[in-house]
Amino acid sequence: MKKQPEVTERTKAILMDSFWQLYRENDIRKITIKDITEKAGYNRSTFYQYFVDVYDLLNQLEDSLIQYISDNVKLSLVSSIGDDFIEQMAQLYDLKGEYISVLLSKNGDPMFAEKLKSALSFIIFDKLEIKRDKAHMDLMFEFAISGMLSAITKWYNLGKPIPSKEMVVMLRSMLFKGASSYIR
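If you use the working numbering, the sequence shown corresponds to residues 72 to 255, in order.
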């Protein structure tokens, strides 16, 4: 008899949450399947029903987060690119900031930033109907999205020292007018 889907999803979520609790504090190379299953209260065979190894679990967690971010960004871009996109990114940090900031940190997964930027660039280039082979646009986007992700991550890690609305205004100004427009 097969397990009910909600039980299966809950078990997987518990394993992922147990991994996350360990990953926040430790390098992934120091996290074992035994650590995860003990924390979750399951055995190793249960882990292997969902994941190949610890890195597979991390990839699934990242893919799930990127899908969540992508879905929300697509919704915010229904009308245009600009204020809504920046505000949406700040709101996503309010909801998923712990995950994003840890994954983008020096102890996080270096490939996460690339996967996230790739997903966001695909959505934005599609929305703006920009052909992906334009080197100038690729470089401009890399500069803009990397700077924005870095600034929002720093803001989150500092404990959000300014309100998110003010952060959005600052990012918008720097993105569309340059950093010197904000300094003056």
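Ideal placement from N, C-alpha and C gives every residue a C-beta, glycine not left out. Predicted, not measured: the structure shown is a model, and the values here were computed from it.
Are residue i and residue j touching if we call contact CB-CB under 9 Å?
i    : j    : result
Y121 : T82  : yes
M22  : F193 : This structure cannot speak to residue 22, because the chain is shown only from 72 to 255.
L220 : K188 : yes
S235 : A190 : no
Measure the alpha-carbon distance for residue i versus residue j and round it to whole angstroms.
i    : j    : result
I181 : K225 : For the sequence presented, residue 181 should be read as Pro rather than Ile. Approximately 16 Å, taken between the alpha carbons.
F183 : N114 : 28 Å
I85  : L128 : 12 Å
Y126 : L93  : 13 Å
K101 : L146 : 38 Å
S176 : E200 : 32 Å
N178 : W91  : 13 Å
K167 : E213 : 22 Å
L173 : R95  : Checking the sequence shown, residue 173 turns out to be Val, not Leu. Roughly 7 Å between the two C-alpha positions.
D98  : L229 : 21 Å
A250 : M211 : 15 Å
Y164 : N130 : 20 Å
F205 : E80  : What sits at residue 205 in the sequence shown is Lys, not Phe. Those two C-alpha atoms are separated by around 42 Å.
T117 : N143 : 32 Å
Take residue i and list the residues in its own chain whose beta-carbon comes closer than 8 Å to its own, dropping the five residues that flank it on each side.
i    : result
P232 : W226
A215 : L246
K105 : R115
By Cβ distance, which residues of its chain are closer than 7 Å to residue i, with the 5 residues on each side in sequence left out?
i    : result
K186 : E133 and I137
A161 : I223, S235, M238 and V239
S89  : I107, K110 and A111
Identify the continuous alpha helix (DSSP H) that holds residue i and give its terminal residues.
i    : result
S147 : V125 to S147
G43  : With the chain running from 72 to 255 in the structure shown, residue 43 is simply not present.
I85  : P76 to E96
T103 : Premise fails: T103 is in no alpha helix (DSSP H) and is neither H nor E.
F118 : R115 to Y121
K248 : S235 to K248
Kindly examine the ligand NAP and report whether one of its heavy atoms sits closer than 8 Å to the Cβ of residue i.
i    : result
G230 : The ligand NAP is absent from the structure shown, which contains no ligands of any kind.
Among residues of its own chain, excluding the 5 on either side of residue i, which ones have a beta-carbon nearer than 6 Å to its beta-carbon?
i    : result
E77  : none
Y170 : L136
M87  : L132
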